[in-house]
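Okay, so here's the structure we're looking at.
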Ligand SMILES: [Fe+2]
Ligand SMILES: [Fe+2]
C-alpha cells in the first residue's frame, strides 16, 4: 500500500548561518593500521562495532532524506539535505573499506550480522507510517552526533593520544557529523509536529537496537580475540561499558521540549575547535 506523504510545509534550517555543510573528499590509507587503532582493545572494538552498523544506517539516512525532499520548501534546508547526502555517501564508502579490512581479521559473524541489520531496518521501514520512517534518520543522527561529540571532547579517553590514519578518518567523520547534526531533525520537524515521537522511537526501537548491536558486536570481537577469556580483563571491559553507556543513552528526552533546536553555543565552540585542529586532514 502506498504511504501517505506529509503535506509540504515551510520550515527553516536550524544549522547556524556561519556553519557551512561541506562535502569533502579526503583520502585515507588504512594499510598500516591494525584492528586496535585506538587506546586499547575495548575502545577500538567499540568503534569497529559502530563502523559495522554505519554503512547501511547511513544509506538509509540518504534514502529517507531523498524520499521526502519534495515535501520540503525551505531552500536552505534543501541545500543542507543535499550536502548531508554527499557527506554520508563518502562516509559510507570509507566505512565499507574499513569493514573489509576488519573482516580480513577473521570475524565470520560480521556478514550475517550485516544481513540481519539490513533485514531489521528494511522491515521497520516497510511497516512504518511516514512519521516513524522520518524518525529513523533523526534517531540515527542523534547517535552519530553523540558519539562524534564524545570522540572530539574526550579524545584522550578514546585515542590515548596516538595518531594514525583511522584516527584521522574518525576525526573527519566526527566533524561532519557535528556539521550536519541538525539536518535530519529539521526534516522531521518540517513535516511532523509531534517531535516527542522521536523520543518514543529512540526509547523503544533505536536505543535498544543500537545498544544490542554495538555492545553485542564489541563483545563478540573481544571474545574472538581472546581478550574476554582472560579474567584480568573483565574489570577494564566493565569500566569501559559504564564510561561509554551515558554517551548513547543521554539526551533522548530533549525532543519532548517543543522549543528544542539541535545546535547550542557549546556545540559551535566544539565544532570550530575541531575544524581548526584537523585542518591538515580536511584541506
Ligand atoms: Fe556519517
Ligand atoms: Fe550523519
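Numbering (the working numbering), first residue to last: 24 to 306.
Every residue gets a Cβ at the ideal spot worked out from N, C-alpha and C, and that includes glycine.
Predicted, not measured: the structure shown is a model, and the values here were computed from it.
With a threshold of 7 Å, establish whether the CB of residue i neighbours any heavy atom of ligand 2.
| i | result |
| --- | --- |
| residue 84 | yes |
| residue 203 | yes |
| residue 137 | no |
| residue 193 | no |
| residue 111 | yes |
| residue 167 | yes |
| residue 200 | yes |
| residue 164 | yes |
Looking only at C-alpha atoms, which of the options sits nearest to residue i?
| i | options | result |
| --- | --- | --- |
| residue 264 | 245, 249 and 45 | 245 |
| residue 43 | 225, 141, 276 and 205 | 205 |
| residue 143 | 280, 250 and 236 | 236 |
| residue 269 | 302, 96, 233 and 64 | 233 |
| residue 302 | 291, 272, 194 and 230 | 194 |
| residue 115 | 97, 135 and 85 | 85 |
| residue 168 | 49, 279 and 73 | 73 |
| residue 49 | 288, 192 and 290 | 192 |
| residue 176 | 40, 289 and 35 | 289 |
| residue 228 | 89, 272 and 253 | 272 |
| residue 187 | 140, 47, 304 and 41 | 304 |
| residue 215 | 89, 281 and 139 | 281 |
| residue 64 | 117, 257 and 89 | 257 |
| residue 277 | 35, 161, 69 and 137 | 161 |
| residue 311 | 94, 97 and 45 | Summary: the structure shown does not reach residue 311, with the chain confined to residues 24 through 306, and so no result is reported for it. |
Would you say the beta carbon of residue i comes nearer than 7 Å to a heavy atom of ligand 1?
| i | result |
| --- | --- |
| residue 303 | no |
| residue 114 | yes |
| residue 215 | no |
| residue 79 | no |
| residue 196 | yes |
| residue 50 | no |
Taking its Cβ as the centre, do 16 or more other Cβ atoms sit within 10 Å of residue i, making it buried, or is it exposed?
| i | result |
| --- | --- |
| residue 261 | exposed |
| residue 207 | buried |
| residue 25 | Because residue 25 sits at a pLDDT of 47, beneath the cut-off of 50, its placement in the model cannot be relied upon, and the following sentence gives the value as read from the coordinates. The residue is exposed, with fewer than 16 neighbouring Cβ atoms inside 10 Å. |
| residue 150 | exposed |
| residue 172 | buried |
| residue 67 | buried |
| residue 38 | buried |
| residue 31 | Any reading at residue 31 is ruled out, since the residue's pLDDT is 46, under 50, leaving its predicted position unreliable. |
| residue 296 | exposed |
| residue 285 | buried |
| residue 287 | exposed |
With three or more C-beta pairs closer than 8 Å as the rule, is the segment 239 to 248 touching the segment 194 to 209? The count of Cβ pairs closer than 8 Å, one atom from the segment 194 to 209 and one from the segment 239 to 248, stays below three, leaving the stretches out of contact.
Decide yes or no for the touch test of the segment 154 to 167 against the segment 43 to 62: beta carbon pairs closer than 8 Å, at least 3 of them. no
Three or more C-beta pairs closer than 8 Å, one from the segment 210 to 219 and one from the segment 173 to 186: is that the case here? no
Mind the definition here: the segment 79 to 89 touches the segment 128 to 146 only if three or more C-beta pairs lie below 8 Å; say whether that holds. yes
With three or more C-beta pairs closer than 8 Å as the rule, is the segment 117 to 129 touching the segment 61 to 79? In short, these stretches touch, since the Cβ pair count reaches three.
Check whether the segment 58 to 76 and the segment 245 to 256 are in contact - that is, three or more C-beta pairs closer than 8 Å. yes
Please confirm if the segment 99 to 108 is in contact with the segment 216 to 231, defined as three or more CB-CB distances below 8 Å between the two stretches. no
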